[in-house]
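If you want the working numbering, it's the position in the sequence shown, counting the first as 1, plus 24. What follows is one structure encoded as structure tokens, with my remarks underneath.
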Amino acid sequence: MSILLPRHVAIVMDGNGRWARARGALRADGHRAGVEPVRTVIEECVRRGIGALTLFAFSSENWGRPRDEVMGLMSLFVESLEAEIDELHRRGVCVRFIGERDELDVRLRTSMAGSERITADNTALALQIAVSYGGRSDILSAARSLAARVERHEITSAQIDEPTFSAALALAGLPDPDLFIRTGGEQRISNFLLWNLAYTELYFTELLWPDFDAAAFEAALQHFAARQRRFGLTGEQIDAGEQPGLP
Ligand code: FPP
């Protein structure tokens, strides 16, 4: 039986370090083991026709981790991209990166730009990978770019409404996430897509990211399908078929 699917899923992939520690392994091994579930959720999204997936790979706060771990993660991103990009392209995935690119090393930036160029016209899945991303900084840079447009007299401040603001954010052009998943047991947003998650269904699981498999993704989708999304209306209004005025 088919279930109601989210159009856009956002994931905080947490728990790699604890997964490694439980095995007496290095944190870097946990991150490496975290690549397989990334592959799995991408494949599952394509297979099920979920149009957009946004993954939190590295937050602006993660720069504060030990230098070795940060360097290891950056190398893992380059290595994974280079190893996977042909297959992603073959599957019709359009890859985009969100976050502060200036802070990243040139090899990663080159690899990111190349992947975006190769996959730009693909339509099976819009995959956003957040690297050096912070939700507050995303909102600040949208505010700055709109303020600059006002200064240039391109728009008036009164014309800044929700759609205009959304269009100035990193996820411009995509529907807001319907489903947010966080692995690793913490129940926090951790400065991920702060604006875009306003009405998103939140799903938290104790599973550590390297253990997150197709069955775990299915459980999150089942949870989503069972939710009644009210967007501020009452349950009675929704049952009576009233349409919320939100996207
Ligand atoms: C959080 O777990 C995870 C990260 C900061 C890195 C996420 C990276 C991957 C899943 C690697 C593959 C990603 C791509 C896009 C190829 P943690 O280290 O905070 O875990 P802990 O809370 O158990 O310490």
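The C-beta atom is built at its ideal place from N, Cα and C for all residues, glycine as well.
Interface flag, residue i vs chain D, CB-CB below 7 Å
i          : result
residue 80 : Of the protein chains in this structure there is only one, and it is not chain D.
For residue j and residue i, the rounded distance between their alpha carbons
i           : j           : result
residue 204 : residue 157 : 16 Å
residue 256 : residue 263 : 14 Å
residue 62  : residue 222 : 25 Å
residue 44  : residue 76  : 29 Å
residue 209 : residue 175 : 45 Å
residue 106 : residue 251 : 38 Å
residue 95  : residue 194 : 25 Å
residue 233 : residue 51  : 13 Å
Contact test: residue i Cβ vs ligand 1 heavy atom, cutoff 6 Å
i           : result
residue 41  : yes
residue 81  : yes
residue 113 : no
residue 214 : no
residue 235 : no
residue 59  : yes
residue 38  : yes
residue 94  : no
Same chain only: Cβ atoms within 6 Å of residue i, ignoring 5 sequence neighbours per side
i           : result
residue 247 : 227
residue 235 : none
residue 68  : 238, 241
residue 35  : 79, 205
residue 202 : 30, 31, 32
Residues near residue i in its chain [Cβ-Cβ closer than 8 Å; skip 5 each side]
i           : result
residue 168 : none
residue 188 : 170, 179
residue 64  : 236, 237, 238, 241
residue 177 : none
Residues near residue i in its chain [Cβ-Cβ closer than 7 Å; skip 5 each side]
i           : result
residue 46  : none
residue 214 : 36, 83
CB-CB length for residue i against residue j, believed under 8 Å
i           : j           : result
residue 140 : residue 120 : 6 Å
residue 109 : residue 142 : 6 Å
Residue i: CB within 6 Å of a non-hydrogen atom of ligand 3
i           : result
residue 110 : Ligand 3 is absent from the structure shown, which contains only ligand 1.
The segment 125-132 in contact with the segment 157-166 per 3-pair CB rule at 8 Å: Verdict: no, contact absent.
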